[in-house]
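One structure is given below, encoded as C-alpha cells.
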Amino acid sequence: MGSYLIYLAIIMIVPIYAQYKVKNTYKKYSKVASSTGVSGAEVARRILDANGLHNVAVKETPGMLSDHYNPMTKTVNLSSANYHYNSIAGAAVAAHEVGHAIQDKEGYAALRFRHALVPVANISSKMAWVFIMLGFFVSTLSNFLLIGILLFAAGVVFQLVTLPVEFNASSRAMDQVVSLGLISNSEERDAKKVLNAAAMTYVAAAAVAVLELVRLILIFTSSNRD
86 MGSYLIYLAI IMIVPIYAQY KVKNTYKKYS KVASSTGVSG AEVARRILDA
136 NGLHNVAVKE TPGMLSDHYN PMTKTVNLSS ANYHYNSIAG AAVAAHEVGH
186 AIQDKEGYAA LRFRHALVPV ANISSKMAWV FIMLGFFVST LSNFLLIGIL
236 LFAAGVVFQL VTLPVEFNAS SRAMDQVVSL GLISNSEERD AKKVLNAAAM
286 TYVAAAAVAV LELVRLILIF TSSNRD
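Numbering (this note's numbering), first residue to last: 86 to 311.
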C-alpha cells in the first residue's frame, strides 16, 4: 500500500511541478525585453526567411502558451503576447516553433515518425482505458486488458518519439536566434531556461506514461500467473 501511495504521489506531483515550472519561467521572461527589440512574430519571420521558408505564414492564435507549428497548413501560430510583444520568452518560443517548420522542410525522421503515429495515438488515447477497465472488472474479458495495454503502449511510444523532436527544435531555435542576432549572447542563457522548462513538461509526461505502462504490464503478468 505504501509503495502504491508513493507511485501515486510521483505521477501526480511530477507533471504538476513541470507545468508550474514552465509557466513560472515563461511568466518571468515574458516580462524581460530582449535587447534587439523584435517581437515574436518578427523573430519567426526572420528565421523562416533565412531558411528559405517564405511560404510558411506566421499567425496569431488565442490563448496562453498555445504556440504551435501546423504542418498541414504550413503556419507558425503564436499566442497573442508572443506574436505582438518583445520579450526573451517570446523570442525563444517563436524560434522553437520555427524549429519544427525547419524539421518539416528537411524531412526530419523523428518528426515524420511522430506524424505517422498521430492517428494511432488518437485512437489509443480514446480507447486504451476502455479496454483496460473492461479487463480489470470483467474476468472473462482478460484479453481486453492486454489490448488496452497495447493501445496504451502505442501512446507511450508517441510520447517518447516526441522527446527528440522537441529537443531538436529547441537546439535549432537557439542556433538560429543567436546566429541571426535576434537575441544577444548574454540573453542566450535566459532563452535556454524558457525552452528547457518547456521541454521538461514532455519529459515528465513521458516518464509518467512509462511508469504507468510498467505498472499495467506487472498487473497483467501477475493476473496470468494467478
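We put the beta carbon where it would ideally sit given N, CA and C, even for glycine. Note that the structure is predicted; figures quoted are calculated from it, not measured.
Does the beta-carbon of A194 have 16 or more other beta-carbons within 10 angstroms, so that it is buried, or is it exposed?
exposed
Taking the alpha carbon of Q30 as the point to measure from, which residue in L301, Y287 and G122 has its own alpha carbon closest?
The first residue shown for the chain is 86 and the last is 311, placing residue 30 beyond what the model contains.
Based on Cα-Cα distance, which residue from L296, K277, E297 and A290 lies nearest to A370?
As displayed, the chain neither begins before 86 nor continues past 311, which places residue 370 out of reach and without an answer.
Find the nearest neighbour of H139 within the set K190, A166 and L230, judged by alpha-carbon distance.
K190
Does the distance from the C-beta atom of R130 to that of L265 stay below 8 Å?
Their beta carbons are not under 8 Å apart, which means R130 does not touch L265 by this criterion.
Going by Cα to Cα distance, which pick from G122, A283, I302 and S151 is closest to V250?
It is A283 whose Cα lies nearest to the Cα of V250.
Output needed for E182: all residues of its chain with C-beta closer than 6 Å, excluding positions within five of it in sequence on either side, in chain order.
If we look at E182 and ignore the five residues flanking it on each side, its Cβ neighbours are D152, Y154 and V161.
Label Y114 either buried or exposed according to how many other C-beta atoms from any shown protein chain fall within 10 Å of its C-beta, with 16 as the threshold for buried.
Counting every other CB atom within 10 Å of its CB across the protein chains shown gives Y114 a total of 16 or more, marking it as buried.
Once DSSP output is grouped into helix, strand and coil, what is the label at K286?
Inspection of the sequence shows that residue 286 is occupied by Thr rather than by Lys. Three-state DSSP puts T286 in a helix.
Enumerated in chain order, which unbroken segments of the alpha helix (DSSP H) with a length of 4 residues or greater are wholly contained in the stretch 167-240?
Entirely contained in the stretch 167-240, the alpha helix (DSSP H) runs reaching 4 residues are, in chain order, 173-191 and 194-222.
Do three or more CB pairs link the stretch 256-263 to the stretch 157-173 at distances below 8 Å?
no
So which of E127, L248, F221 and Y105 has the shortest CA-CA distance to V178?
Among E127, L248, F221 and Y105, the Cα nearest to that of V178 is on E127.
Give me whichever residues DSSP pairs with S164 in a beta bridge.
Per the DSSP secondary-structure output, S164 pairs in a beta bridge with T146.
Starting from H153, trace the beta strand (DSSP E) both ways and give me its first and last residue.
H153 to N155
Is DSSP giving A118 helix, strand or coil here?
coil
Which of helix, strand or coil does DSSP assign to S269?
coil
Take N207 as the anchor and find which of Y111, M157, I173 and A239 has the nearest alpha-carbon.
It is A239 whose Cα lies nearest to the Cα of N207.
Could you check which residue in I234, F198 and H200 has the C-alpha nearest to that of P209?
Sequence inspection shows Ser at residue 209; the Pro mentioned does not correspond to that position. Ranking the options by Cα distance to S209, first place goes to I234.
Tell whether a beta-carbon distance below 8 Å holds between Y168 and G122.
no
Quick check: the Cα distance between L137 and I187, rounded to an integer number of angstroms?
According to the sequence shown, residue 137 is Gly rather than Leu. Each residue's alpha carbon lies about 9 Å from the other.
Kindly indicate which residue of A103, S165 and S227 has the alpha-carbon position closest to the one of I302.
S227
Shortest alpha-carbon distance to A166 belongs to which of V293, M157, K144 and P156?
Of the candidates V293, M157, K144 and P156, the one whose C-alpha sits nearest the C-alpha of A166 is K144.
Anyone know if the C-beta pair for Y111 and A174 falls short of 8 Å?
Closer than 8 Å, so yes.
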